Amino acid sequence: MGLKKDTNWTLVPGTERDIEAVRERCRKLVRRRAMVSAGVAAVPIPGLDVVSDLRLFALLIDDINQEFGLTAQQIERMQPKFRLIAYEAAIGVGGMLVGKLVTREVVLQLLRRTGLKSVARQAGKLVPLAGQLASAGIGFLAFRQIGYQHVDACARVAQELVTAGIGRPA
1 MGLKKDTNWT LVPGTERDIE AVRERCRKLV RRRAMVSAGV AAVPIPGLDV
51 VSDLRLFALL IDDINQEFGL TAQQIERMQP KFRLIAYEAA IGVGGMLVGK
101 LVTREVVLQL LRRTGLKSVA RQAGKLVPLA GQLASAGIGF LAFRQIGYQH
151 VDACARVAQE LVTAGIGRPA
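1 is the number of the first residue of the sequence shown in the working numbering; add one for each residue after it.
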């Protein structure tokens, strides 16, 4: 009797127009979070931006997956054939965070891919003001690039699901 049903669902966008609308909303969200990341990167405390980026990016990935209806829980609710298509499409587009539970370790692994930018950001903090501005700019661009890549991966997975007929009645 104590089981409560989760009715807070976000469905996979059902048409190309819906996918494009969600894609634009998510890109706007990425830009806003990248600005926050850049603001934190401008603070001259080494390491603060890395910790902040980990948290911001994990939340961003969860929010984007939720908007596209591609969280792990949402994919598990799909019919088996659509679930298989979603995971195959995610692997095919290189979307390692599509439909996954995002942990700190996963985000750290992803941010390590932009390791050179991170080193440049930290080194830039040693030069007053100009270094802080450079660090903020590099942080913004890196955050935005990774965020946009994830949005595009989710859009491609959603497009595969629409092509397979997820938006049509059974």
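The beta-carbon is built from N, C-alpha and C at its ideal position, and this holds for glycine as well.
Quantities reported herein were computed from a predicted structural model and do not represent experimental measurements.
What are the boundary residues of the alpha helix (DSSP H) that residue i is part of?
{"i": "V22", "result": "E16 to A41"}
{"i": "G69", "result": "First-last for G69: undefined, no H or E at that position."}
{"i": "P80", "result": "P80 to G92"}
Closest Cβ-Cβ distance between residue i and chain B: below 7 angstroms?
{"i": "V151", "result": "Protein chain content of the structure displayed is limited to a single chain, and chain B is not contained in it."}
In the structure shown, what three-state DSSP assignment does residue i receive?
{"i": "P46", "result": "coil"}
{"i": "A120", "result": "Here A120 scores only 49 on pLDDT, less than 50, and its place in the model should not be relied on; the value that follows carries that caveat. Helix at A120."}
{"i": "Q149", "result": "helix"}
{"i": "T163", "result": "helix"}
{"i": "M1", "result": "Legend: pLDDT at M1 = 47, less than 50; position of this residue unreliable, value from coordinates given subsequently. Note: M1 maps to coil in three-state DSSP."}
{"i": "R156", "result": "helix"}
{"i": "V51", "result": "helix"}
{"i": "R77", "result": "coil"}
{"i": "L141", "result": "helix"}
{"i": "L60", "result": "helix"}
{"i": "L11", "result": "coil"}
For residue i, which option in the options has the closest C-alpha, if you only look at C-alpha atoms?
{"i": "I45", "options": "V162, A136, A90 and G165", "result": "A136"}
{"i": "G147", "options": "I64, Q73 and G165", "result": "I64"}
{"i": "E20", "options": "V157, G165 and A164", "result": "V157"}
For the region 53-68 and the region 26-43, state whether three or more C-beta atom pairs, one from each stretch, are separated by less than 8 angstroms.
yes
Hey, is the region 68-87 in contact with the region 13-29, meaning 3+ C-beta pairs nearer than 8 angstroms?
yes
Does the region 137-145 come close enough to the region 10-21 to have 3 or more Cβ pairs within less than 8 angstroms?
no
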